[in-house]
Every structure is written in structure tokens, then in C-alpha cells.
Amino acid sequence: MAERRYWLMKSEPSEFSIEDLQARPGQTEPWDGVRNYQARNFMRAMQAGDGVLFYHSNCELPGVVGVAEVACTAYPDPTQFDPGDKHFDPRSRPEDPRWSLVEVKFVRRFPRTVSLDALRSTPGLEDNPVVRRGNRLSVLPVSPAEWDIILALGDGG
DNA sequence: GCCAACGTTGGC
DNA sequence: GCCAACGTTGGC
15 MAERRYWLMK
25 SEPSEFSIED
35 LQARPGQTEP
45 WDGVRNYQAR
55 NFMRAMQAGD
65 GVLFYHSNCE
75 LPGVVGVAEV
85 ACTAYPDPTQ
95 FDPGDKHFDP
105 RSRPEDPRWS
115 LVEVKFVRRF
125 PRTVSLDALR
135 STPGLEDNPV
145 VRRGNRLSVL
155 PVSPAEWDII
165 LALGDGG
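With the working numbering applied, the first sequence covers 15 to 171.
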């Protein structure tokens, strides 16, 4: 059995928020539209049951708002083949799909957002890319130690 | 809305 | 393979 790993996934709440995830049937959502190779590779490395920190970006209070879980391993993102979709990729071929997604399942919302400010000022998180200036990666790994720190901040808040 | 940081593209 | 131009991300 694979060891459980931890990730952080960003979403703009105006596009898709943790409340939207909670409201979904089965509280599960295909995390489509990722068009960055590094982020894609991280999704391809995910296993069902991995922990996910749900991060709200590009909003009034950016930060981690709750916990989700990887619901299945990666499969081809269907939006890459849909000419009507904003994430359509004309250069991706069905016999060799370029982009993948995983499905994500709601676990819980934190009582309070663990803001980016809080992440930046908490010892033990300074090595994670999410606190680094100019970081644009939307899917990134979190170490077990970082996971524990952020959960304590979120659940204790 | 601004703009710095970054990834991608394409000319050479 | 270099690198300038371009588009996007995301904090502020």
C-alpha cells in the first residue's frame, strides 16, 4: 500500500470554492483545467486517500480554507478535447492526452481561514513554495510536518 | 486594476 | 539552444 501523501491545491473562490465542493453531489469534483506541466505531474503522482489542503487564491483573504482528499488516481482531463471549453488544448491528442486531473472530495472546512500571512509567519513553513513570492504553482506537495502545522492552525482557529 | 514573477512559445 | 515577447497567475 502506498504511503499517504499531502498536497495543496489552489482555486479562485469566484471560480470554484470549498463551499462549492461541499455542495457537490457526493461532495466530489474533478479538478479540471490545470494546464501547467509541473502541477500536472504532481496530480499524476497522487493516490486515492492523499490529503489535500484547499487554498483560496486571488481573493480578499488568500489562504488555506479547509481539507479535502484525493478521490481517485489521475485520468485524462476531458476539457482539453472540448473546443467549447476555455481550457481546450487543440494540440492535445486523444490517443496521447497531454493533461490529467484527479477528483477531489470534501473533508471539512476550517473554522477560520489560515491566511497566507499566517502561513508566512509560522515557523516550519518557510520552505514550502506556497509562501514564496511570485509562486504560481497551483498544485504542490506538502510535507507531513507542514501538513500537521497547517491543520493545527486551521482546526485550532 | 496594477504589476512582478513566472511559464511557454517561437524566431533565429 | 538562446532569449525576447507574450500570456497568465496571484498578491496587493
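A virtual CB, placed ideally from N, CA and C, is assigned to each residue, including glycine.
Remember, it's a predicted structure, so these values are computed and weren't measured experimentally.
Query	Result
Please state whether DSSP places Arg122 in a helix, a strand or coil.	strand
Would you tell me roughly how many angstroms separate the C-alpha atoms of Glu132 and Leu75, rounded to the nearest one?	At residue 132 the sequence reads Ala, which differs from the Glu that was named. Straight-line Cα distance between these residues: approximately 11 Å.
Alpha carbon to alpha carbon, how far is Arg54 from Lys24? Give it in angstroms, no decimals.	13 Å
Can you tell me the Cβ-Cβ gap for Ile164 and Val66, rounded? I've got them flagged as a contact below 8 Å.	Not a contact, Cβ separation roughly 11 Å.
Which partner residues of His70 appear in the DSSP bridge assignment?	Ser25 and Gly77
Rounding to the nearest angstrom, what Cα-Cα distance links Pro158 and Phe95 in this structure?	36 Å
Helix or strand or just coil, what does DSSP make of Pro104?	coil
Taking 8 Å as the cut-off, does the stretch 111 to 129 touch the stretch 39 to 48 (at least 3 CB pairs, one atom from each stretch)?	yes
Leaving aside the five residues before and after Leu115 along the sequence, list all residues of the same chain whose C-beta is less than 6 Å from its C-beta, in chain order.	Pro44, Trp45, Asp46 and Asp91
Please state the DSSP three-state secondary structure of Asp169.	helix
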